[in-house]
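Structure first, then comments.
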Amino acid sequence: MTPPYFMDLQKWEALLREWYPQATLQLMYAEKPSNMPDLCDTERVISELGTCNMRGTVRVDVWKTLWVIGHGVLGIMGVLLFPQWDAAMVFLALTTLTVCAGHSVGMHRLLIHRSFETHRMIEYMLVWLGTCVGMAGPIGMIRTHDMRDWHQRQRMCPAHPAHRASLVRDAWWQLCCRYDLVHPPRFVLEQRVDQDRIYAWMERLWWLQNLPLGLLLFALGGWAWVLWGISLRIFVSLVGHWWIGHVAHRRGHQSWVVTGLPVQGFNVPRWSLVTFGENWHGNHHAFPYSARLGVEKGQLDPGFWLISTLQSLGLAWNVKMPGDEPDRPGLIRVENRACTGRACTGMVQPHDKHI
Ligand SMILES: [Zn+2]
Ligand SMILES: [Zn+2]
3 MTPPYFMDLQ
13 KWEALLREWY
23 PQATLQLMYA
33 EKPSNMPDLC
43 DTERVISELG
53 TCNMRGTVRV
63 DVWKTLWVIG
73 HGVLGIMGVL
83 LFPQWDAAMV
93 FLALTTLTVC
103 AGHSVGMHRL
113 LIHRSFETHR
123 MIEYMLVWLG
133 TCVGMAGPIG
143 MIRTHDMRDW
153 HQRQRMCPAH
163 PAHRASLVRD
173 AWWQLCCRYD
183 LVHPPRFVLE
193 QRVDQDRIYA
203 WMERLWWLQN
213 LPLGLLLFAL
223 GGWAWVLWGI
233 SLRIFVSLVG
243 HWWIGHVAHR
253 RGHQSWVVTG
263 LPVQGFNVPR
273 WSLVTFGENW
283 HGNHHAFPYS
293 ARLGVEKGQL
303 DPGFWLISTL
313 QSLGLAWNVK
323 MPGDEPDRPG
333 LIRVENRACT
343 GRACTGMVQP
353 HDKHI
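Just so we're aligned, residue 3 is where the sequence shown starts under our numbering, counting upward by one.
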């Protein structure tokens with residue numbers, strides 16, 4: 003005998019999941035009394051007794067919201083009030099410099115993944131450019147990246163770090179909110195970053211790091227250059243970063259799958275020159291330590307071009323490539339193909355390192 007509709011818990015849960023995925027997950031796991039079993043640690047994120055990766059709340063972050071909307075409004079004002087080619091060129095040049103050399107190479111591939119080594123002063127310069135993107139300071143960036151990575155490595159992942167919400171909701175969550183776990187894991191920063199006074203300074207005043215650049219732009223090109231070169235650039239970089247993260251965890255093509263995980267990385271072809279190689283996110287999930295993200299033939303990777311140039315000048319060394327570290331558990335090669343949904347687990351071939 004089928005129960006009446008109002009008693010069918012599965013239907014209620016499906017309805018709730020549709021409207022508010024996070025609430026469903028909280029309902030499902032609110033009763034778990036202590037440590038979720040077999041949580042997987044990463045280098046910097048360590049589970050403790052009682053750590054739970056599923057119980058958390060998405061909270062509005064007022065400062066983050068004011069920051070992104072404020073720069074958005076100022077940036078759009080810049081475009082409307084000063085529709086000038088010179089200001090547009092300043093925007094393009096500074097976006098390329100800060101997102102490619104700063105965010106992709108300095109913050110992501112160097113500071114977070116240590117995928118190559120360089121002189122300390124060059125490292126500071128690249129990471130400082132990354133701070134000028136306007137997302138967070140060096141330690142904030144490591145924490146955000148590693149917490150998301152830790153979540154995505156567990157057998158279950160909440161909707162926020164999985165980018166599982168719809169486009170609009172995910173934009174709201176990622177750009178204006180933060181995800182607070184009730185029982186978070188311990189975040190342990192390596193000494194070389196934790197004890198570094200330059201990084202501590204960048205971290206404390208990350209939101210002011212654009213000030214010298216802003217003064218220079220004002221002296222050279224007035225308010226037009228400031229609005230295009232600072233506010234519009236920060237707004238476009240933040241929105242672009244969220245968008246590629248959203249798409250690259252939902253659909254695209256994959257050459258490798260990490261089996262057993264609920265969140266997969268996907269490649270987003272044709273966006274190499276805008277994201278400077280960060281669009282090859284499926285490859286990044288497969289080989290997180292690799293300095294090269296566009297690892298297969300025809301995959302353009304401007305961030306890696308910069309690292310190769312530094313290497314050829316003797317300014318970068320120990321540049322890591324796929325195969326230089328042991329495979330992630332569960333990593334398998336799949337045929338190149340477009341995928342939708344969270345994983346393509348079919349069409350398995352033996353892992354082939356000849357790429
Ligand atoms: Zn990812
Ligand atoms: Zn990464």
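C-beta atoms are modelled at their ideal positions from N, C-alpha and C, and glycine is treated no differently.
As the structure is a computational prediction, the values presented were derived from the model and not from experiment.
Does the Cβ-Cβ distance between residue i and residue j come in under 8 Å?
i, j, result
"residue 273", "residue 285", "no"
"residue 90", "residue 230", "yes"
"residue 58", "residue 182", "yes"
"residue 313", "residue 226", "no"
"residue 97", "residue 134", "no"
"residue 149", "residue 47", "yes"
"residue 92", "residue 219", "yes"
"residue 137", "residue 240", "yes"
"residue 309", "residue 297", "no"
"residue 82", "residue 108", "no"
"residue 277", "residue 246", "yes"
"residue 279", "residue 306", "yes"
"residue 244", "residue 173", "yes"
Measuring straight from C-alpha to C-alpha, what distance separates residue i and residue j?
i, j, result
"residue 304", "residue 104", "12 Å"
"residue 293", "residue 209", "28 Å"
"residue 156", "residue 253", "20 Å"
"residue 75", "residue 69", "10 Å"
"residue 337", "residue 258", "8 Å"
"residue 215", "residue 330", "41 Å"
"residue 54", "residue 122", "37 Å"
"residue 139", "residue 106", "14 Å"
"residue 265", "residue 84", "43 Å"
"residue 112", "residue 125", "8 Å"
"residue 334", "residue 201", "37 Å"
"residue 328", "residue 184", "33 Å"
"residue 190", "residue 251", "26 Å"
"residue 1", "residue 242", "No answer is possible for residue 1: the residues shown for the chain start at 3 and end at 357."
"residue 207", "residue 130", "11 Å"
"residue 77", "residue 51", "46 Å"
"residue 180", "residue 166", "15 Å"
"residue 141", "residue 118", "19 Å"
"residue 114", "residue 147", "8 Å"
"residue 188", "residue 49", "6 Å"
"residue 73", "residue 67", "10 Å"
"residue 204", "residue 145", "15 Å"
"residue 295", "residue 102", "13 Å"
"residue 177", "residue 234", "15 Å"
"residue 291", "residue 56", "27 Å"
When DSSP builds the beta bridges, which residues end up paired with residue i?
i, result
"residue 182", "59"
"residue 259", "334"
"residue 119", "319"
"residue 188", "48"
"residue 132", "Residue 132 is not bridged to any residue."
"residue 282", "269"
Measure how close the beta-carbons of residue i and residue j come, nearest whole angstrom, since I'm counting them as under 8 Å.
i, j, result
"residue 88", "residue 223", "7 Å"
"residue 154", "residue 163", "6 Å"
"residue 44", "residue 152", "5 Å"
Where does residue i land, buried or exposed, given buried means 16+ other C-beta within 10 angstroms?
i, result
"residue 300", "exposed"
"residue 270", "buried"
"residue 319", "exposed"
"residue 221", "exposed"
"residue 193", "exposed"
"residue 232", "buried"
"residue 196", "exposed"
"residue 71", "exposed"
"residue 61", "exposed"
"residue 317", "exposed"
"residue 40", "exposed"
"residue 275", "exposed"
"residue 332", "exposed"
What do you reckon, is the C-beta of residue i under 7 Å from a heavy atom of ligand 3?
i, result
"residue 251", "Ligands present in the displayed structure are limited to ligand 1 and ligand 2, and ligand 3 is not among them."
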